[in-house]
Each structure stands twice: as structure tokens, then as C-alpha cells.
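For any residue, its number in the numbering used here is found by taking its place in the sequence shown, counting from 1, and adding 79. C-beta atoms are modelled at their ideal positions from N, C-alpha and C, and glycine is treated no differently. As C-alpha cells, the structure follows; a few thoughts come after it.
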Amino acid sequence: MTEAEKAAPPSAGGLKRTGKNAFWMVIERVIHLGVAFVVSFIVAGQLGAEDYGRLAVGMALLSLLLPISNIIGQCLIRDMAAEPGSAMRVYTAGVVVAGLVTSVIVLLVGIGVVFTVGFDTDTGIIIMVLVGSSLLRPLNTVDVFFLKRLESKRTVKIRIAVGVALGAIRIGLLLIGFGVTVIAWTYVVEAMLASIGMWVAFRRVNKDFTWEFNAQRVRTLLKEFTPLFIASSSALVFMKLDQVMLAALSSLSETGVFGLGASLAETPRFPLVALLGSLAPRLLALKNRDPELYWAKLADVSRLVTLLGLGLTLGLIFVVAPIAPLLLPPDYDGISTVIIILALTTPFVCLGGILLYVTNWEKLYREALIRNLVAALMSV
Numbered sequence: 080m081t082e083a084e085k086a087a088p089p090s091a092g093g094l095k096r097t098g099k100n101a102f103w104m105v106i107e108r109v110i111h112l113g114v115a116f117v118v119s120f121i122v123a124g125q126l127g128a129e130d131y132g133r134l135a136v137g138m139a140l141l142s143l144l145l146p147i148s149n150i151i152g153q154c155l156i157r158d159m160a161a162e163p164g165s166a167m168r169v170y171t172a173g174v175v176v177a178g179l180v181t182s183v184i185v186l187l188v189g190i191g192v193v194f195t196v197g198f199d200t201d202t203g204i205i206i207m208v209l210v211g212s213s214l215l216r217p218l219n220t221v222d223v224f225f226l227k228r229l230e231s232k233r234t235v236k237i238r239i240a241v242g243v244a245l246g247a248i249r250i251g252l253l254l255i256g257f258g259v260t261v262i263a264w265t266y267v268v269e270a271m272l273a274s275i276g277m278w279v280a281f282r283r284v285n286k287d288f289t290w291e292f293n294a295q296r297v298r299t300l301l302k303e304f305t306p307l308f309i310a311s312s313s314a315l316v317f318m319k320l321d322q323v324m325l326a327a328l329s330s331l332s333e334t335g336v337f338g339l340g341a342s343l344a345e346t347p348r349f350p351l352v353a354l355l356g357s358l359a360p361r362l363l364a365l366k367n368r369d370p371e372l373y374w375a376k377l378a379d380v381s382r383l384v385t386l387l388g389l390g391l392t393l394g395l396i397f398v399v400a401p402i403a404p405l406l407l408p409p410d411y412d413g414i415s416t417v418i419i420i421l422a423l424t425t426p427f428v429c430l431g432g433i434l435l436y437v438t439n440w441e442k443l444y445r446e447a448l449i450r451n452l453v454a455a456l457m458s459v
């Protein structure tokens, strides 16, 4: 590649498509944010702190599986950019690895439930229903195709429709008298509808798609995925597993207060995650074309996301924390303090999200593993 080619700026059309794609991904998260706030307050108020605590424990364990599709997606974007002709083989490996890892973790959670709360308790049933819903998610890795093509609008519309519909259904079920177990099952329905919708959208665009299984590709992806997943999951220990520990060492009511506070503090971060994810393909392309410019642009993106995180922190402290107690019953006393404390972590979480992308692109697996395991052990 010549120096002139390296210096050539991205086309106006490419920047416009990137902007539109980022717009749709951020819009999805903003709508999700609004729906999540409304549904969280109503569900928490109707269930009470103890039943919401059961739901929070299940959601905390489910969160350990949610990074699977995201991390595999990052690996697929990187590999498809390097090997455009192997797209089907790369995607097949992604689905296989996602299904394998998800199944193993669900099995381990099931064993843990057997030796702790048991399957014959409401808490055990809710945990397995919520965690089991992740078995329907491996096909969601098709989202990476639309992200790479800057056509996320297709899958965004599906997820928005499913999210809004299921949010309304949860509220309706509570208002007519159903309890926390039925609410847990709605997450299974949501995962199923989203997966089916995204797969249909994918097949409409890729009519000639064929599965191309390659054992070596699967082994390579699994080898690269494992340290990234361990690093991500170990970081979640001090973000989510604290809810599980709180339930075991204190009470489900305390867990409900903490879980709702954590949800309200963390949900507003989703638009920032979407913004970063939408910029990832262009940053990765820039990395392959002009490494020096890539690092400069990555620094700009890091500053932008961190500044937005600081603004979000102020909003959580001065808006959400004072309003939350006014919208909840008395058994959620103390939730403002939880929101404020967790809000202060937002800028660091933003930096951590950027670092996860860099870890994947630069293959800094050992450093990430050591860093996150030490932090997780300190948290426990």
C-alpha cells in the first residue's frame, strides 16, 4: 500500500453509513433504556423487594453468559476483515463455540443450584429459567454480519419490537396477578423471538448461506475466546456476583434493593456501549490500513466515551437517585445510596469497555486475564 493510499481519508459515503449505523444502535439502546426504567420500577414495585431479589439473583447469573455473543462477535469481525472469503466458515465456528460454551456454563450453574438452593425452590426455578434462556442465544451472532456491513438497522428493529412487546407483557402479567416465576419465563420468550427474528433477517440477506464446519477454525476461535471470556466474566464478579453473595450472606430483600439499584445505575450505560460497538468496524479497518492513525482515533473515541460516562454519572447522582425512592414502596429504602455509589464507577466501566476491544484486537489475553482475576479476587 502506498503512502497516498494510507493517507486517503475515508469516503464521505462510508462516514455517512457509519454515522447512520451508529445512530440506529444508539437509538436501540435509548429505547431500551426507557423501557427498562419503566418496566423495572413497575416490576419492582409490584413484586416487592424479596421476590425482586430472586429475579436479581437469576439475572446476575444470566449476565455471566451475555458477553459470549459480544466477544465472539468481536473475534468474527476481526477474522472476517482479515479473511473475507472465509465468512461462512468463520460464522459457523462462532455459532458452534457460542453453543458449546453456553451449554457448559448452564450445566455448571445447574450443578451449583442443586448443591445450594435446590430445584424445588422458587429461587432455584427462577435461576434455571433465566440462565436457561441463554441456550436460545447462540444464533444471535448473526448480528455481526449486519454490524460489519453497517446495516444494523435490520436487527435493531427486531430487538426493539421484541423488547417493547415483552416489556408490556411483563407489566400486564403482573397487573392481572401473576408472580415472579411467570415473569422469569418471559425472558425465555424474549430470547426465542429475538433469535428467530434475527435469523430470518440474516437468511433473507444471505440466501446462499451454507454451514461450513471446520474443526481447526473452531479450536482456534475457542482458544482465542476463552481468555477474553474469562477476563470479561471475572470482571463481572465485582459487578454482578455480588448480588448472589448478598443473597447467600444477607437476605433476598437486601438483594432486591441492591439488584434494582444496580440495574438503574448500569442500564443507562448501554447507549455508550452501542456507540463504541458501532465504531468498532471502522476502527478495525483503520488499524489494518494505518496503525498510527488508528491509535490517534482510538484515543479520540476513548476520550469521547469517557466524557459521556462522566456526564451520565452526574445524571444518575442528581436525577435518578433522588427520584427512585419516590416511585418505589418503602421496602426499597436505601436504594439512592446504592445508585450513587455504583454511578461513580461509570467512567471506569467505559474505559474497561474500550480496553476489552483493544485486548481482543491486540491479543493481549494474558495481561487481561491476570488483571481481571486479581480484581475479581479482591472484590470477593
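Practice prompt. Note down, one range per segment and in chain order, each alpha helix (DSSP H) of at least 4 residues found wholly within the region 97-167.
Written response: 128-141 and 146-161
Discussion item. Given this structure, state the Cα-to-Cα distance separating Leu-68 from Leu-214, to the nearest angstrom.
Written reply: An answer regarding residue 68 cannot be provided, because it is not within the stretch 80 to 459 covered by the chain.
Worksheet entry | With 16 other Cβ atoms within 10 Å as the buried cut-off, status of Arg-283 | Working through the sequence shown from its first residue, we reach residue 283 at position 204. So Arg-283 ends up on the exposed side.
Item to complete: Use the C-beta contact count for Lys-95: other C-beta atoms within 10 angstroms, 16 or more gives buried, fewer gives exposed.
Response: Within the sequence shown, numbered from 1, the residue matching residue 95 stands at position 16. Lys-95 should be labelled exposed.
Worksheet item: Going by beta carbon distance, what residues of the same chain come within less than 8 Å of Ala-364, once the five residues before and after it are set aside?
Response: Your numbering for residue 364 matches position 285 in the sequence shown. Within the same chain, Ala-364 has close Cβ partners Ala-160.
Worksheet entry | Start-to-end residues for the alpha helix (DSSP H) that takes in Gly-211 | Translated into the one-based positions of the sequence shown, residue 211 becomes position 132. For Gly-211, the uninterrupted alpha helix (DSSP H) run begins and ends at 201-211, by DSSP.
Worksheet item: Given Val-267, which residues of its chain have a CB within under 6 Å of its CB, disregarding the five upstream and five downstream residues?
Response: Start at 1 with the first residue of the sequence shown, and residue 267 comes out as number 188. Non-local C-beta neighbours of Val-267 in its own chain, meaning closer than 6 Å and more than five positions away in sequence, comprise Ser-212, ordered along the chain.
Worksheet item: Below 8 Å, can you find three or more Cβ-Cβ pairs linking the region 262-281 to the region 221-235?
Response: yes
Worksheet item: Can you tell which of Arg-133, Leu-354, Ile-184 and Ile-414 has the C-alpha that lies nearest to the C-alpha of Cys-429?
Response: Position 350 of the sequence shown holds residue 429. For Cys-429, the nearest C-alpha among the options comes from Leu-354.
Worksheet item: How many Å lie between Glu-291 and Gly-388 at the Cα?
Response: The residue labelled residue 291 in the question sits at position 212 within the sequence shown. The residue labelled residue 388 in the question sits at position 309 within the sequence shown. Between Glu-291 and Gly-388, the C-alpha separation is close to 41 Å.
Worksheet item: With 16 other CB atoms within 10 Å as the buried threshold, where does Asp-287 fall?
Response: Working through the sequence shown from its first residue, we reach residue 287 at position 208. Exposed: under 16 other Cβ atoms inside 10 Å.
Item to complete: Could you tell me which uninterrupted alpha helix (DSSP H) segments, each at least 4 residues in length, are contained entirely in the region 356-427, listed from first to last along the chain?
Response: List check, alpha helix (DSSP H) in window: 370-394 and 414-422.
Discussion item. For Gly-340, report the span of its alpha helix (DSSP H) as first-last.
Written reply: Stepping through the sequence shown from its first residue, residue 340 is reached at position 261. Here the alpha helix (DSSP H) through Gly-340 covers 331-345.
Worksheet item: Are the region 422-438 and the region 371-387 touching by the rule of at least three beta carbon pairs closer than 8 Å?
Response: yes
Worksheet entry | Cα-Cα separation between Phe-257 and Ile-206, rounded to whole angstroms | Taking the sequence shown and counting its residues from 1, one reaches residue 257 at position 178. Taking the sequence shown and counting its residues from 1, one reaches residue 206 at position 127. Between Phe-257 and Ile-206, the C-alpha separation is close to 18 Å.
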